[in-house]
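Line by line, the protein sequences give chains E, V, W, X and D.
Quick note: the first sequence, position 199, residue 199 per the working numbering, numbers continuous.
Quick note: the second sequence, position 202, residue 1202 per the working numbering, numbers continuous.
Quick note: the third sequence, position 43, residue 2043 per the working numbering, numbers continuous.
Quick note: the fourth sequence, position 78, residue 3078 per the working numbering, numbers continuous.
Quick note: the fifth sequence, position 282, residue 4282 per the working numbering, numbers continuous.
C-beta: ideal position from N, C-alpha, C; glycine also.
One structure is given here, and the rest of the page talks about it.
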Amino acid sequence: MWKFIVRRLLIALPQILLLSVLVFLMAQMMPGDALSGLIDPNIDPAAIEAQRERLGLNDPWHIQYVDWITGVVTEGDLGRSFRYKMDVTEIIGQRLVNTFWLSLVTLIFTYLIAIPLGITSGRYNDTFRDQMITGYTYVGFATPLFIFALVALWILGFQFGWFPTGGSVSPGLTPGTFEYFLSRLHHLILPALSMALITTVNTVQYLRSEIIDTKQKDFIITARAKGASESRVYNRHILRNSLLPIAAFFGFEITGLIGGTIFVETIYSYPGMGQLFIESINLRDYSVVIAVVLLLGIASILGALLSDIILSLVDPRIRIK
Amino acid sequence: METTNAVENLNIENINKSPSGVSIIWREIMRDKLALISLVFLLLVTTLVYGISLFLDLDQIVKIDLFAIHEPPSSDFWLGTDYGGRDVFGQLIIGTRNSLTIGFLVTLMTGLIGVTFGLTAGFFGGHIDNIMMRVLDFFIILPFLMIVIVFVSIVPNYSIISFSLIMTAFLWMGIARLIRSKALQERELDYAQASKTLGTPRWKIMFGQVLPNVSSLIIVTMTLNLAANIGLESGLSFLGFGFPEETPSLGTLLSYARNPQTLENRWWIWMPAAILIFLLMLSVRNVGEALKRATDARQRRG
Amino acid sequence: MEFLKVEDLKIHFPIRGGLLNRKIDSVRAVDGVSFSIEQGKTYGLVGESGSGKTTTGRAIIGLNNITSGKVFFEGNDLTDNSKKVDVRKDIQMIFQDPYSSLNPKKRVIDIVAEPLRNYERLTKKEERYKVAELLEKVGLSPESILKYPHEFSGGQRQRIGIARAIALKPKLIIADEPVSALDVSVQAQVLNFMKDIQKELNLTYLFISHDLGIVKHMSDEIGIMYKGRYVEEGKTEEIFTNPQHIYTKRLVAAIPDINPQNREKQKIFRQSVQEEFEQSYHDYFDEEGLAYNLRNISNSHSVALPEKG
Amino acid sequence: MKLKNKLLELKNLKTSFRIRDDYFAAVDDVSLDVHKNEVLAIVGESGSGKSALAFSIMGLHNRAKIEGNIVFKDKDLANISISKLNAIRGNEMSMIFQDPLTALNPLMTIEEQIGEVLQLHNRNLSKRKRRERVITLLDQVGIPRPKQTCEQFPHELSGGMRQRVIIAIAIANSPELLIADEPTTALDVTIQAQILDLIRDLKEKMNAGIILITHDLGVVAEMADRVAVMYAGEIVEIASVDTLFENARHPYTRSLLNSVPSDEQQDTLHVIQGIVPSLKNLPRHGCRFAARIPWIDESAHEENPTLHEIAPGHFVRCTCHEHFYFPDEKGDEAHGIS
Amino acid sequence: SEDEDTQGEQNDQGQEEDTNGGDEDDAEDDGIYSIDDFSPVKTNEGEAIDGGTITFGLVSDTPFEGTLNHNFYSGNPDVQVIDWFSESLLAVDENYAYTQEGAATFEVNEEEQSITFTIRDNVNWHDGEPVTAEDWLFAHEVIGDPDYDGPRYGQTFTSIEGMEEYHAGEADTISGMEVIDEKTLKITYANFTPSLLSSGIWTYPLAKHIFEDIPVADMSSSDAVRREPIGFGPFIVESIVPGESVTYVKNEDYWRGEPTLDGLTLIVVNENVVVQSLQNGTVDLVNSFPTDQYPENADMSNVEFLGDIDNTYTYIGFKLGSWDAENNRVDMDPDAKMADVELRRAMWYAVDNATVGERFYNGLRWNATTLIPPSHPDFHDDTIEAPLYDPERANEILDAAGYEDVTGDGFREDPDGNELVINFASMSGGDTAEPLARYYIQSWEAVGLNVQLLDGRLIEFNSFYDRVGQRGEDDPAIDIYQAAWGVGSDVDPSGLYGPNAIFNFPRYESEGNDELLARGLSEEAFDHAYRQEVYSEWQEFMVEEIPVFPTVYRAILVPVNNRVVNYNIPTNAGSEIYRYQIGVTQEEPYTN
Ligand SMILES: Nc1ncnc2c1ncn2[C@@H]1O[C@H](COP(=O)(O)OP(=O)(O)OP(=O)(O)O)[C@@H](O)[C@H]1O
Ligand SMILES: Nc1ncnc2c1ncn2[C@@H]1O[C@H](COP(=O)(O)OP(=O)(O)OP(=O)(O)O)[C@@H](O)[C@H]1O
Ligand SMILES: [Mg+2]
Ligand SMILES: [Mg+2]
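What follows is the structure, encoded as structure tokens:
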């Protein structure tokens, strides 16, 4: 097991390194830099140029890269945001927590929706119930997330006022209190739900077809021949086997979430990584851009790794010792 | 051995051909009402959009008219005008055309790259596969949307072609992986082995024997990808990383809905595009599902 | 010069693992096999599942990489890659599974004509004519030429496979369990047919099967494999009437007798063989449970026994 | 044959599958008895309806229409609630499946899988008792290290071992009726012999009735007490095993016997012309085998063929057997092989 | 004096309350408004209650950065947060000239070229420590420190004697600054110009007792800036949700007096939801309201829309040369494509900015005439006649100047008969950027000029300024461009149009211009009327020379809930209504 994880990580290492070079290069190719926003007749252009020089922005890219990667590797220093005047690690720290909660709640919703629907749909396939659920998956597939999120914000946030329309927590609450927690949750529900409702359709469909597939497997017939009741057949045999690939998908869901958060965080003004990314791109705060992309790339890698590990834990056929 | 008359008289033109894959697919679609309607709708939209746009004067449509800003639908402007006084209907037609063009282009290019890549890796296996899969793994871990956004902000000359190329560069992996695993299976099947013993060169086996057997998978995947690609384009436009407004796409019209006034009060600008996207994706999906059923004998309806 | 001669053939597959996915061990699928076949005869290769029969057959036709050993076909060394003698077209193969061995997306004409297109330049018309002729030879109506494989029954499909294999008039056909997937009644059809064309075209068969009954029916000579090695080789009657190796005996005893009257007799026989197998196992197999090298006990019959004692 | 010990009686069983909008009978009007301590073999080519029959008895079809009666120890399984059926299957009646590779749940240990059938029919069994019983069973079916095997997953076992596990599941609750659907087809001969021995032992030890489905006539000869030959969904001949091998009557049975290579066999084997028709294309009228013996005059067949008892316990369908000959025998004699 | 000059990314602004009753247009019908209809000061409806809290909406797409100190911040959102708890030591009048009304008073000594400042005694930091002359000096020392990473260091500082030496590390102290006593600071200037007294002084002290131990390089990321920011303004920061919201409580010790409100909450409000937030009372007021949303919401009943003229103007610039980096000055090229002033004049005549303002901005932007906007009422000269939309006239000018269509393709060629393609660079961002750019192109096309959008698309903000030349590397592909300038509190345009200004993007210079700019900063210019005169001349001069031409001026709109009293748009300098006076008439906001 450990060997396996270590091996996977060894494979991931060059990937991450390559990713960092790619992202770094791309950031270098972006026009402008963080200081180009400072146009002000009262500010001495020479002072800006001096800052550029000091920050090494005028060095050739490979020197900048080596400087940067050395910092990352030796002290976990992702550089400094030009815009926020803070260590990137610190900004990302805040945003990452927000995105983490958003993702977590989204995942919970996703599975809360997908599992019952997928099971119902797969178990009673081709019935009216199944058709309703399949209908939902079609609609979900065809509705772009951002339209849905926008409309949901509009109706539930504004017209009904049930949910806050921006931010991650109400102002003035003390972290750690129950109100604070509730407020955060309240801010999360709408974005998470929009994302879950749209992205879950794939899981529903996948689960459905997985169940339909499993239903036809020989070992299900064996179970019936043992005299197991229908509910037992479903709960003990079909579900276990169909949920396995879903469990394995868990890690990949993370990758999928990254894309979703960009939209949802932008629309709901939720201060997470997705929003940070868009801002930083627009403001050419590229130490942040690099860090965000790199981090999320690593998250994808870890997601894939997680999937492999989960799969190997739950599936004895490929269990690694 | 004496050749009998049967062979002598064999006249190939008179032999009834067995139904080929295409006709099975066709039959399946004909049987599935929803898919049929979807297909007709798609064809109709495609022809209309490409047809009408031949007669439309793009310059005229995107011409700013200061005295016609935000006009509601009327007989002059069937779907009203936007904040530049530009005709929304015309933009919708051109936009649909552009979105479809991008969708098709990206789907075709990803298909081409993905299939070639996947087929090569899967068919040759071994070290080649190993190396190719490492490359693919690398692309897969890239956070797609972000990388594309970064690229979009770098590219100096932004056009349908360059946009499609960027999308393609980071979207071919799905199909490649699928085709590879299928090709890995196929090449172990006896028919591929048989071809080897018959002296057929490898590339011929790959393209002549294995490819037809993964073709249904390719068609299905590409169809579903088409829907996804149209969605992606509109998403990027929505985020503000789409085309300039004089190259409208469905996403451009949708992105106007980011303005709350437009979202609430000027439905004519974004709603038709939203509905069209919805219907397009739904129809493509329906057709895709029907194709999937057609290629999977177990699920076939007829 | 022997028609086909296999010398000390070894085929090992690597097992990968460890931190860097290195080769850590190997499966010795075939481990020192030698035999030879005379032209026009049928050589049966028997053994339980996983004993290396298929691997041997595939190595001869070039589908598996050979780890060591030599294969001579009409005096040409097939393992020598530098010599580009094209004898490949003289060796063809019939596959076990009539369903997967025909490309489902191709029409019969394309399937049967595939070898022709590779080795002979024929016009469309000639080709069609040739294919129809081949189909007729295997007992299928030439009208089938434009059908797809799924429109045929298993036996018919197997015959399409045979038509393809004989299209280039090969000298040696490797038949890997050609009837295992077929019903008894259809089996008969294919077996009969194989015998017929053997006579007609003076074919040589390497006939691979795990069904001793069928091998006995088809073969002139038989080799018995166990875990990648030969345990016994000889003329068909010798093997069946005078099995020497305990493993051979066990195989023979396991064949169900078609006469219900012999039930008891068979059962007792089987038990005694089983007892012998258990008792004298170590006389026949080395510490790793592998067979020893073959030793001649007559000029046509050899058995794997330990050197003297 | 002890007729009083009748365990299972099928009366005019008809199992139909829905294909598009019509039902097609895969098992058509089958009547059969199975007795205690008896092996009834059912033989026939692929697609003749053997499995469909077995599945009907076990109530394992989920979308088939089943008509007729399946009387098992006074209960008509064809018209019984699913919960009652569940109480019977796996308990008094059980089944061994053909494919050991797929018939076991890949995610459950051997112990769980065998334990499940024990638990289902005896809720009071303690966990420890259950484990003991599982180990005994594994031992009984000849698994060398039952304790270790308990913890293992199916993929860690060889085909022969898995088939033994499946048998252990089937015999766990000492069933009175055991249906074995081609239990050895997927196995090597040497293992086949062992498995068959095992089944035979069980019959004797448990006094059970066994339905053995196979297409291997050798297996039939070694195992069966009585044989039913199926063709295209119908039983065409039933006889004791000796009668069948010595004096088979129905053209199909005779053709089958003739197509197996055997010691006395001549150079060419007999070939049955044509192919087994698919379910949709089954002939529904007259003698279903007629199409495959075209050289026999049409008049030789009955219009609505029925089973005739031509000797005690020996039933043959249709009258065509009286006129049947192999074409290469030039029609001068109509005797079976022997 | 926050001189937030920037370019076009600046928020649009807007004005107030119910629609006009209009001068020339009847807005009821055509939805066109005028800045004249808005007041910058809230009408008080009723009596303020004791205490109460309000919510201030910071309209922004992005969270605020959180560099919460005047000495370090760089983005506009942050200053909105800072202004509630920190303020300038000097107050200004409506022309942004310093007055004696602030927390400090001053005395000018023209002879010595020095100013002596005295901080009032009751001016204390939030932690009770007095605000001292040391603190003020300390701010200068930090900003002048080579390690300083903020954007403040510039002319404001370099004009102080000894600052450059200090900045270069050649001196340990700033020779021109002298702490006389705890509350008195004297600054001597090397460069003593009239500009000093309108924005030329750095008026934000830095609490030395807090910052003194923090290395300069770490100050901007220190807790004292980010988590527990400190000031001496009317409110005290109580808690911060980074980027999202800030809560304040009143500073009972505020030097002008105890604030009326108990406190206030600042939250970031996305532009898309600002209307709803106002309607349902989630926010009482915002820093700036997106003007394009005004027409649909002009009738919102629970708020009053305040308005003020923004100090920015949008303009079209003509590239007349390039930047000579060696000599640090513009290098005008007499052969530039746009070198012919008649061509530039014709292009001005060809565009209808009045209509642009009416149609795109519902009258909340309007035709601009000169390069000093009416936000500086004393200096903006509205008597100057600038070209007004007249395509006929444009055609005539072009014909006369020799730009004729000789090839017959519908576009004019240059006087030598060569093809004339003018490349137009325009910036993305802002709601109407795209149609506006298209509109200008269309308008020029209408007079036969072939203008092409550079790269076929709008250029993103950063690359736009890079290419226009903010780093001195002008993109030669650009012939004309559209951009915007904010005019600082001081009207002196040298930083934008002087020959040594890198921001002189047109790369324009002329003797007349040089002279006028110099005169505006001369000693005589300490005389207000003289200075007015000079800049009036300059405005006129630029209308003739047209290195750039202004297109529109803008309004800022600030909706304020009806319950709020004593509120004044902060840009409306010199109003004498201060934040500590803001109150509410009831506990709950009015809703719509
Ligand atoms: N490509 C391969 N890679 C690794 N091992 C292989 C490969 N092909 C065959 N083997 C192994 O080689 C051994 C011999 O296999 P082979 O297929 O030759 O047996 P066989 O006698 O034909 O068996 P069967 O009767 O099941 O067809 C087996 O243990 C098998 O697992
Ligand atoms: N679920 C089903 N739906 C439709 N047709 C079926 C179904 N199950 C079986 N059949 C058809 O019924 C017929 C009898 O099938 P069955 O499986 O009983 O044959 P069998 O005699 O067991 O053959 P084999 O030896 O291959 O197992 C076949 O034609 C088969 O195609
Ligand atoms: Mg094999
Ligand atoms: Mg079966």
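Would you list the residues whose beta-carbon is nearer than 5 Å to any heavy atom of ligand 2, in the order they occur in the chain?
So the residues near ligand 2 by this Cβ test are X:Phe-3017, X:Ala-3026, X:Ser-3046, X:Gly-3047, X:Ser-3048, X:Gly-3049, X:Lys-3050, X:Ser-3051, X:Ala-3052, X:Leu-3279.
Ligand 1 and X:Thr-3184: does the residue's C-beta get closer than 6 Å to at least one heavy atom of that ligand?
Looking up residue 3184 of chain X in the fourth sequence gives position 184. Because no heavy atom of ligand 1 lies under 6 Å away, the Cβ of X:Thr-3184 does not count as near it: no.
Under 7 Å between C-beta atoms, does E:Leu-305 make it to chain D?
In the first sequence, counting from the first residue as 1, residue 305 of chain E sits at position 305. E:Leu-305 does not count as touching chain D.
Should W:Lys-2053 be listed as close to ligand 1, given that the test is whether its C-beta is under 6 Å from any heavy atom?
Locating residue 2053 of chain W in the third sequence gives position 53, counting from the first residue. Yes.
D:Glu-4028 to V:Leu-1253, Cα distance in whole Å?
Numbered from its first residue, the fifth sequence carries residue 4028 of chain D at position 28. Numbered from its first residue, the second sequence carries residue 1253 of chain V at position 253. Residue placement at D:Glu-4028 is flagged as unreliable, the pLDDT there being 47, under the threshold of 50; the coordinate-derived value follows with that caveat. The straight-line gap from Cα to Cα measures roughly 29 Å.
One question on the structure: do D:Val-4241 and D:Gly-4263 come within less than 7 Å of each other, judged by their Cβ atoms?
Within the fifth sequence, numbered from 1, the residue matching residue 4241 of chain D stands at position 241. Within the fifth sequence, numbered from 1, the residue matching residue 4263 of chain D stands at position 263. The answer is no: Cβ separation not under 7 Å.
Applying the criterion that 16 or more other CB atoms from any shown protein chain within 10 Å of the CB defines a buried residue, is W:Glu-2177 buried or exposed?
Mapped onto the third sequence, residue 2177 of chain W falls at position 177. Buried is the call here.
Might you give, ordered along the chain, the residues of its own chain that have their beta carbon closer than 8 Å to the beta carbon of X:Leu-3107, omitting 5 neighbours on each side?
The residue given as residue 3107 of chain X occupies position 107 in the fourth sequence. Correct list, in chain order: Phe-3153.
Which residue's Cα is closest to the Cα of X:Glu-3298: X:Ser-3081, X:Val-3316, X:His-3321?
Within the fourth sequence, residue 3298 of chain X is the residue found at index 298, counting from 1. Answer by Cα proximity: X:His-3321.
Taking a contact to mean a Cβ-Cβ separation below 7 Å, would you say D:Ala-4394 touches D:Ala-4339 in this structure?
Residue mapping note: residue 4394 of chain D aligns to position 394 of the fifth sequence, counting from 1. Residue mapping note: residue 4339 of chain D aligns to position 339 of the fifth sequence, counting from 1. Against a cut-off of 7 Å, the Cβ pair of D:Ala-4339 and D:Ala-4394 comes out as no contact.
Measuring CB to CB, does D:Asn-4362 end up less than 7 Å from D:Ile-4032?
As a working note, residue 4362 of chain D is residue 362 in the fifth sequence. As a working note, residue 4032 of chain D is residue 32 in the fifth sequence. For D:Asn-4362 and D:Ile-4032, yes; Cβs fall inside 7 Å.
Any idea if D:Asn-4500 is buried or exposed, counting beta-carbon neighbours within 10 angstroms, 16 or more meaning buried?
Within the fifth sequence, the letter at position 500 stands for residue 4500 of chain D. By the beta-carbon neighbour count (other beta carbons within 10 angstroms, threshold 16), D:Asn-4500 is exposed.
Got a sec, what are the start and stop residues for the alpha helix (DSSP H) D:Leu-4137 sits in?
Translated into positions along the fifth sequence, residue 4137 of chain D becomes position 137. Residues 4133-4144.
For ligand 1, is there a heavy atom less than 6 Å away from the beta-carbon of W:Ala-2059?
Position 59 of the third sequence holds residue 2059 of chain W. No - ligand 1 has no heavy atom lying nearer than 6 Å to the Cβ of W:Ala-2059.
Does the distance between the C-beta of W:Val-2027 and the nearest non-hydrogen atom of ligand 1 fall short of 6 Å?
Taking the first residue of the third sequence as position 1, residue 2027 of chain W is located at position 27. Answer for W:Val-2027: yes, Cβ within range of ligand 1.
Among V:Arg-1285, V:Asp-1076, V:Gly-1126, V:Ala-1274, which residue has its Cα nearest to the Cα of V:Arg-1187?
In the second sequence, residue 1187 of chain V corresponds to position 187, counting from 1. Checked all of V:Arg-1285, V:Asp-1076, V:Gly-1126, V:Ala-1274; the closest Cα to V:Arg-1187 is V:Gly-1126.
Taking only beta-carbon atoms, is E:Phe-146 less than 7 Å away from chain V?
What you label residue 146 of chain E is simply residue 146 of the first sequence in a count that begins at 1. Between E:Phe-146 and chain V, the shortest Cβ-Cβ separation is below 7 Å.
Using the beta-carbon of each residue, which ones in chain D are nearer than 8 Å to V:Ser-1153?
The residue labelled residue 1153 of chain V in the question sits at position 153 within the second sequence. Going along chain D in sequence order, the residues near V:Ser-1153 (Cβ under 8 Å) are Glu-4460.
Taking only beta-carbon positions, decide if E:Val-259 is within less than 7 Å of chain V.
Position 259 of the first sequence, counted from the first residue, corresponds to residue 259 of chain E. Per the sequence shown, the amino acid found at residue 259 of chain E is Gly instead of Val. Between E:Gly-259 and chain V, the shortest Cβ-Cβ separation is below 7 Å.
When the Cα of W:Lys-2124 is compared with those of W:Glu-2136, W:Val-2190, W:Asp-2110, which residue comes out closest?
Translated into the one-based positions of the third sequence, residue 2124 of chain W becomes position 124. Just measuring C-alpha positions, the residue of W:Glu-2136, W:Val-2190, W:Asp-2110 sitting nearest W:Lys-2124 is W:Asp-2110.
Decide if X:His-3035 is buried, meaning its Cβ has at least 16 other Cβ atoms within 10 Å, or exposed.
On the fourth sequence, position 35 is the one that residue 3035 of chain X refers to. Its Cβ being crowded by 16 or more others within 10 Å, X:His-3035 is buried.
Between the Cα of W:Thr-2204 and the Cα atoms of W:Asn-2192, W:Ile-2173, W:Gln-2261, W:Leu-2191, which residue gives the shortest distance?
Looking up residue 2204 of chain W in the third sequence gives position 204. Among W:Asn-2192, W:Ile-2173, W:Gln-2261, W:Leu-2191, the Cα nearest to that of W:Thr-2204 is on W:Ile-2173.
By Cβ distance below 7 Å, which residues in the same chain neighbour W:Asn-2064 in space, the five residues on each side in sequence not counted?
Start at 1 with the first residue of the third sequence, and residue 2064 of chain W comes out as number 64. Annotation for W:Asn-2064: Ile-2011, Thr-2055, Arg-2058 place their beta carbon closer than 7 Å to its own, counting only its chain and skipping 5 residues before and after.
Give the range of the alpha helix (DSSP H) segment to which V:Ser-1195 is assigned.
On the second sequence, residue 1195 of chain V is found 195 positions in, with the first residue counted as 1. Segment 1190-1197, the alpha helix (DSSP H) holding V:Ser-1195.
On the criterion of 16 or more Cβ atoms from any shown chain inside 10 Å, does V:Trp-1203 qualify as buried, or is it exposed?
Position 203 of the second sequence, counted from the first residue, corresponds to residue 1203 of chain V. With fewer than 16 Cβ atoms within 10 Å of its Cβ, V:Trp-1203 is classed as exposed.
Should D:Ser-4403 go down as buried or exposed, given a rule of 16 or more other Cβ atoms within 10 Å for buried?
Position 403 of the fifth sequence, counted from the first residue, corresponds to residue 4403 of chain D. With the sequence shown as reference, residue 4403 of chain D is identified as Tyr, and Ser is not the correct amino acid for it. Looking at its Cβ environment, which holds 16 or more other Cβ atoms inside 10 Å, D:Tyr-4403 is buried.
Please look up how many angstroms separate the CB atoms of X:Gly-2956 and X:Gln-3194, rounded, as I've assumed it's under 8 Å.
What the structure shows of chain X is the stretch from 3001 to 3338, and residue 2956 of chain X is not part of that stretch, so it cannot be assessed.
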